[in-house]
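Heads up: the sequence shown begins at 1 in UniProt numbering, then just goes up one per residue. Read the structure below first, then the notes.
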Amino acid sequence: MDSLALTAEALREPWRLWTGHLVHYGWAHALANAFALAVPLLLVQGRDRIRLLRVVLVAAPLLSLLLLADPALGQYRGASGLACVLWAWVGIRLSFRRHSAAIALMLLGGLLLKLCAEASLGGGVMGVPEGWQSLPAAHFGGALLGLAFALPVQPHTSHA
1 MDSLALTAEA LREPWRLWTG HLVHYGWAHA LANAFALAVP LLLVQGRDRI RLLRVVLVAA
61 PLLSLLLLAD PALGQYRGAS GLACVLWAWV GIRLSFRRHS AAIALMLLGG LLLKLCAEAS
121 LGGGVMGVPE GWQSLPAAHF GGALLGLAFA LPVQPHTSHA
């Protein structure tokens, strides 16, 4: 058992609410999560990058608390839930920009497709290598948090 993974111990060791997203099942798992995180990170610019970092800092422990509500959790490792936060948040932010609507649609559509596939298959959509544990609840919770953080934002308007 990794002392940084998200487990019920997080209620006594609150740092796990953040560190559980940093712990992975190996380099392949970490690389897959890094790729999933990089896609939306590369699409944000300017002040949205700072906003996105704030969202991640707040969403990480909130997502962990959502996951801890499930007594069958055991432990959570990985950043796939946070990746879903980013995909949803960046997708909504980009949808407010006319020139980025197609990219926003691809992000949000891809995320919705992933969530629907996981719900219908009852697990990970890309096959989970030996030793990994896919947690669709983290993906769904992350997407909801990303949408919740993004929706209060007002679209940019130009003042003429």
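Even glycine gets a Cβ: it sits at the ideal position worked out from N, Cα and C. Here the structure is a predicted model, which is why all the values come from computation and not from measurement.
Quick one: Cα of Ala28 to Cα of Ala102, how far?
Taking the first residue of the sequence shown as position 1, residue 28 is located at position 28. Taking the first residue of the sequence shown as position 1, residue 102 is located at position 102. Rounded to whole angstroms, the separation of the alpha carbons of Ala102 and Ala28 is 30 Å.
According to DSSP, is Leu86 part of a helix, a strand, or is it coil?
Residue numbering aside, residue 86 sits at position 86 when the sequence shown is read from its first letter. Under the three-state reduction of DSSP output, Leu86 falls in the helix class.
Apart from the five residues on each side of it in sequence, which residues of its chain come closer than 8 Å, Cβ to Cβ, to Arg77?
Reading the sequence shown from its first residue, position 77 is the one you call residue 77. Within the same chain, Arg77 has close Cβ partners Asp2, Ala5, Leu6, Gly20, Val23, His24, Tyr25, His29 and Gln133.
So within the stretch 22–93, which uninterrupted alpha helix (DSSP H) runs reach at least 4 residues, ignoring any that extend past its ends?
Correct list: 27–43 and 47–68.
Measuring straight from C-alpha to C-alpha, what distance separates Glu9 and Leu73?
As a position in the sequence shown, residue 9 is number 9, starting the count at 1. As a position in the sequence shown, residue 73 is number 73, starting the count at 1. Taking the Cα positions, Glu9 is about 12 Å away from Leu73.
So which of Ser80, Arg51 and Phe35 has the shortest CA-CA distance to Leu63?
Translated into the one-based positions of the sequence shown, residue 63 becomes position 63. Looking at Ser80, Arg51 and Phe35, the one whose alpha-carbon comes closest to that of Leu63 is Ser80.
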